[in-house]
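The next block holds one structure in the form of structure tokens; read it before the comments.
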Amino acid sequence: MTVYLDSDFKCHGSNPDGVYTAVETDFFDGKCDAYIEGYRFIPAGENWTREDGAVFHGEMVTPWKDWQELIASQREYELSCLDETVVQLEYENALLRLGLEE
Amino acid sequence: MILNMTGGGVGGCVLTVTAPAGAVVTASKDGRTLTKTAVSGTAVFRGLESGEWVLTMTDGEQTSQPQIVTVTNDYDEELTFFAATIHVTYPAGSVCTASDGVTTLTAPDKTGTWDCTVRKPGTWTLHCTDGEDSYWEDAAVSVNGETKSAELSWYLFHYGNSPYTWTAKGLWYKSGYGEPTAPGTAAQSDGSVQVYLNRPSGAWHSGMYAASVDVTNYKTLKFLAREIDVVEVQFMVIKSDASNMEDGRISRVAVGSDTAAAKVYEVDVSSVTGTVYVCVWLAANGWATDGSVPSVVKATLMSVEAVK
């Protein structure tokens, strides 16, 4: 999938102003925007300096938000997907019982 | 050196030094020098005032290293001709000790550097702690006058030495994708560990060499590795309950093209808390069978250092 990096290598799910850098990666496959946007992606050949002066070389992918919060957001997203699936299945089942097709 | 000191009152202290029979023992303080011969293996000094005394001994052929003792209470110590130095570096701010199981020495400060003089040959365990973490390594000395170096840090793995248990585990690449395969491991002569997966003729195989670690107190993990072949190796932090790598990965640093020489791969974990797998993850598949790709995916792990 495509993610978009700002000047601090923070990830974004979209690029509304066209100022971010697009990268292709499979690291975030299946992840919701709230999860993705809590991450930092340093591409190969790039360097990122943490606020304490430590320098990290790409390619490195790591959260900048508390990872426990990110995984909680991801779990909520996955549950909401399940809820939608359940609703859809119930709808289709009802149609079948009525002898109708969508 | 065995010092037996009594008194301290009007008559002064009695200092009893255990030394090789026949050795001449000298006690000095503030320009005053006293000499006794350890006729039967002990030299007794009487009437000493409190304070620091410097002790040496000679047998006519060799002279021991000066040893400083502080006169406070009675105590025993054995004076020997053996002295070796272990140059220890350790995390500044932590307490560092050296022990052979009988004698424990403590670094005089917390600067992170200590030239530790040991007076017995054998294996000395060097230990550092800051109250949250501890790390230890052994250093063996056997030759009088020799110097050894030891580097202590918050290592999760250091040439085979580790406070944690590292195991090879199979882990799916993606859920139900390929085969989870515990990598093979081979200890190297320097204590490092080669981790490897043979390329199968078919589906993906993937697994990791990992330790379960609470990384809450750490900001950076530094993986030192060499002879990485091929690039389907990643240094990772993975959820402790992960059923597959894709879903479980938290942080990773990927290996570049220069993989033969020893290199440090660093990953920021300052936003990762709790117990996770710190690991070398490998994947091997049978698709690249054109002969240009090595038949084994491997990496030799030398150390993993956690930085606070």
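Protein sequence lines, in the order shown, are assigned to chains A and B. The opening residue of the first sequence carries number 1 in the working numbering; numbering runs sequentially from there. The opening residue of the second sequence carries number 1001 in the working numbering; numbering runs sequentially from there. Glycine included, every Cβ here is placed at the ideal spot set by N, Cα and C.
C-beta atoms of residue i and residue j nearer than 8 Å
i, j, result
"B:Ala1203", "B:Tyr1164", "no"
"A:Ile42", "A:Met60", "yes"
"B:Ser1206", "B:Thr1181", "yes"
"B:Ala1084", "B:Gly1176", "no"
"B:Met1208", "B:Cys1279", "yes"
"B:Ile1228", "B:Thr1259", "yes"
"A:Pro63", "B:Val1195", "no"
"A:Asp29", "B:Glu1246", "yes"
"B:Leu1156", "B:Cys1128", "no"
"B:Thr1035", "B:Val1193", "no"
"B:Ala1107", "B:Thr1123", "no"
Whole-number beta carbon distance between residue j and residue i, since they are thought to touch under 8 Å
i, j, result
"A:Lys31", "A:Gln74", "6 Å"
"B:Cys1096", "B:Val1102", "In fact, because the Cβ distance is near 18 Å, the residues do not count as touching under 8 Å."
"B:Ser1295", "B:Asn1198", "7 Å"
"B:Ser1064", "B:Thr1056", "6 Å"
"B:Arg1226", "B:Ala1262", "4 Å"
"B:Ala1019", "B:Ala1043", "6 Å"
6 Å Cβ shell around residue i - same chain, five flanking residues per side excluded
i, result
"B:Glu1052", "Ile1068, Thr1070"
"A:Gly13", "Asp33, Ile36"
"B:Thr1125", "Ser1099, Trp1136, Asp1138"
"B:Asp1133", "Trp1154"
"B:Val1234", "A quick correction: the sequence has Gln, not Val, at residue 1234 of chain B. Closer than 6 Å at Cβ, skipping near neighbours: Arg1252, Ala1254, Trp1281."
"B:Ser1243", "none"
"A:Asp6", "Tyr20"
"B:Gly1009", "Because the pLDDT of B:Gly1009 is 47, which lies under 50, any placement of that residue in the model is unreliable, and the number read from its coordinates should be weighed accordingly. Same-chain partners within the cutoff: there are none."
"B:Ala1023", "Ala1038, Met1057, Asp1059"
"B:Ser1270", "Lys1219"
"B:Asp1190", "Tyr1159"
"A:Leu79", "none"
Beta-bridge partners of residue i, as assigned by DSSP
i, result
"B:Arg1249", "B:Ile1238"
"B:Thr1089", "B:Thr1113, B:Glu1151"
"B:Ala1283", "B:Ser1206"
"B:Cys1096", "B:Cys1128"
"B:Thr1056", "B:Thr1026"
"B:Thr1033", "B:Ser1028"
"B:Asn1198", "B:Val1296"
"B:Val1193", "B:Ala1187, B:Leu1301"
"B:Gln1067", "B:Leu1055"
"B:Arg1226", "B:Thr1300"
"B:Arg1046", "Answer is none; B:Arg1046 lacks a bridge partner."
"B:Val1118", "B:Ala1084"
"B:Tyr1177", "B:Lys1174"
"A:Met60", "A:Ile42, B:Val1253"
"A:Trp67", "DSSP lists no partner for A:Trp67."
"B:Ala1306", "B:Leu1221"
Cut-off 8 Å between Cβ atoms - residues of its own chain near residue i, not counting five sequence neighbours on either side
i, result
"B:Gly1093", "Lys1110, Gly1112, Asp1130"
"B:Asp1268", "Lys1219, Thr1220, Ser1251"
"B:Val1264", "Lys1222, Phe1223, Leu1224"
"B:Thr1033", "Thr1026, Ala1027"
"A:Ala94", "none"
"A:Asn47", "Val55, Phe56, His57, Gly58"
"A:Leu44", "Residue 44 of chain A is actually Ala in this sequence, not Leu. Closer than 8 Å at the Cβ level, and outside the excluded window around A:Ala44, lie Gly58, Glu59."
"A:Gly99", "none"
Close-in-space but distant-in-sequence residues of the same chain around residue i (CB under 7 Å, 5 per side omitted)
i, result
"B:Glu1232", "Leu1282, Ala1283, Ala1284, Val1297"
"A:Lys65", "Gly38"
"B:Gln1062", "Phe1081"
"B:Asp1214", "Gly1274, Thr1275"
"B:Arg1119", "Thr1080, Phe1082, Ala1083"
"A:Tyr91", "none"
"A:Glu24", "Thr2"
"B:Ser1149", "His1087"
Where residue i sits in the DSSP three-state scheme
i, result
"A:Asn93", "helix"
"A:Asp26", "coil"
"A:Arg50", "coil"
"B:Met1001", "In this prediction, B:Met1001 scores a pLDDT of 46, lower than 50, which makes its location untrustworthy; the coordinate-derived value is nonetheless stated afterwards. Three-state result, B:Met1001: coil."
"B:Thr1018", "strand"
"B:Val1255", "coil"
"B:Ala1038", "coil"
"A:Asp8", "coil"
"B:Glu1146", "coil"
"B:Thr1273", "coil"
"B:Ser1212", "strand"
"B:Leu1156", "strand"
"A:Cys81", "helix"
"B:Ser1134", "strand"
"B:Glu1061", "coil"
"B:Glu1232", "coil"
"A:Val86", "helix"
"B:Tyr1265", "strand"
"B:Glu1078", "strand"
"A:Ala72", "helix"
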